[in-house]
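Numbering (the numbering used here), first residue to last: 1 to 291. Ideal Cβ placement from N, Cα and C applies to all residues, glycine included.
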Ligand SMILES: [Zn+2]
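What follows is the structure, encoded as structure tokens:
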């Protein structure tokens, strides 16, 4: 009996015009640009490269229609079928408009950029969170502290793990929120929402996070009789870095206690349950005084 061969599925031919995908580009952004370059409807092209209307585009089918090597499609695009990586919407933002214009691209190129890619230093523009559209790309030419913080942020991302940096940025925000409340600084950027407030608070958040990351290995050592007064040292260092005059060492003291508690628990037991319990306890310590 003759074997029944499955009906061939998926596209067989490439489109007349190809464009290269950018690293971290959202697949929806790439399909928009590819459709526009070939003067066809976005939904038509999308239906051509996905199993169904609701499905994500298949990398092999997209490689056929775009004429790009499948490896390039897989390594650069985010949101393809079969990719288990969860897409974090807060990381989705357009690449620098002026960088794109230099390449002859005049439409937004949306990417899931890592958090530390927050500034285009060539054009001195803000491209970090919570940018949503091209008009959100704030001009930073007269904001040297934000530009400098952007460079520090990239250095920290090279120097530390993603988890450590993420934790330090969260702790830095907690500490700055504590001071803003305690000092009744209700207009502080750290207490506000929105793009401008985020950009205003950014240099301080990065400076505090950098201080915490530098101090962490020594703070986490077991206590010794000759141990320096960490909270005071950290407070001085943060004031020096940010140009502020915070006087209350409570949040840095709590941070140091939490780090030591966490490090001790990890040293004494590697059980996941103990680590999680310790993390929860530490978070509670950091969260209590923010009212
Ligand atoms: Zn640029």
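| task | Using the Cα positions of residue 9 and residue 67, report the straight-line distance between them to the nearest angstrom. | result | Rounded to whole angstroms, residue 9 to residue 67 spans 17 Å at the Cα level.
| said: I'd like to know whether the C-beta atoms of residue 24 and residue 99 end up nearer to each other than 8 Å. | reply: No, they are not a contact pair.
| Local Cβ density within 10 Å of residue 58, reported as buried at 16 or more and exposed below that | The residue in question, residue 58, is buried, as its Cβ has 16 or more Cβ neighbours within 10 Å.
| message | Which complete beta strand (DSSP E) runs does the region 49-98 hold, if anything under 3 residues is left out? | response | With a minimum length of 3 residues, the continuous beta strand (DSSP E) runs that stay inside the region 49-98 are 92-94.
| field | Through-space distance from residue 257 to residue 232, alpha-carbon basis | value | Rounded to the nearest angstrom, the gap between the Cα atoms of residue 232 and residue 257 is 13 Å.
| said: Output needed for residue 31: all residues of its chain with C-beta closer than 6 Å, excluding positions within five of it in sequence on either side, in chain order. | reply: The beta carbon of residue 31 lies closer than 6 Å to those of 45, 46 in the same chain, with the five residues before and after it left out.
| query | Mapping DSSP to helix, strand and coil, what is residue 25? | reply | Shown here, residue 25 sits in a strand according to DSSP, grouped into three states.
| field | Distance cut 5 Å, beta-carbon to ligand 1 heavy atom: residue list by chain order | value | Every residue whose Cβ sits closer than 5 Å to any heavy atom of ligand 1 is listed here in chain order: 96, 98, 99, 120, 122, 123.
| message | Assess contact between the region 122-142 and the region 170-181, defined as three or more Cβ pairs (one per stretch) separated by less than 8 Å. Is contact present? | response | Contact between the region 122-142 and the region 170-181 is absent, with fewer than three C-beta pairs closer than 8 Å.
| request: Spell out the partners DSSP gives residue 119 in its beta bridges. | output: Its beta-bridge partners are 126.
| message | Give me the DSSP bridge partner(s) of residue 202. | response | Paired residues: none, contrary to the question.
| task | Out of 214, 40, 118, state which residue places its alpha-carbon closest to the alpha-carbon of residue 16. | result | Of 214, 40, 118, the smallest CA-CA separation from residue 16 is found for 40.
| query | What are the boundary residues of the beta strand (DSSP E) that includes residue 160? | reply | Where residue 160 is concerned, there is no enclosing beta strand (DSSP E), given that its DSSP letter is neither H nor E.
| message | In this structure, how does DSSP classify residue 142 when only helix, strand and coil are distinguished? | response | Three-state result, residue 142: coil.
| said: Restricting to Cα atoms, I'd like to know which of 230, 87, 92, 148 is closest to residue 241. | reply: Out of 230, 87, 92, 148, 148 has the C-alpha closest to the C-alpha of residue 241.
| task | Provide the residue span of the alpha helix (DSSP H) that contains residue 235, from first to last. | result | Residue 235 -> alpha helix (DSSP H) spans 230-242.
| query | Within 10 angstroms of its Cβ, does residue 97 collect 16 or more other Cβ (buried), or is it exposed? | reply | Note on residue 97: 16 or more other CB atoms within 10 angstroms of its CB, so buried under the neighbour-count rule.
| query | Secondary structure at residue 246, three-state DSSP: helix, strand or coil? | reply | Per DSSP, reduced to three states, the secondary structure at residue 246 is coil, with no helix or strand assignment.
| field | Residue environment, residue 284, which counts as buried when at least 16 other CB atoms sit within 10 Å | value | With a pLDDT of 41 at residue 284, under the threshold of 50, the predicted position of this residue should be treated as unreliable, though the coordinate-derived value follows. Classification of residue 284: exposed, given that the 10 Å Cβ count is below 16.
| query | Among the residues of its own chain, which have a CB less than 7 Å from the CB of residue 212, if the five just before and after it don't count? | reply | Taken in chain order, the residues that qualify are 168, 171, 172, 255.
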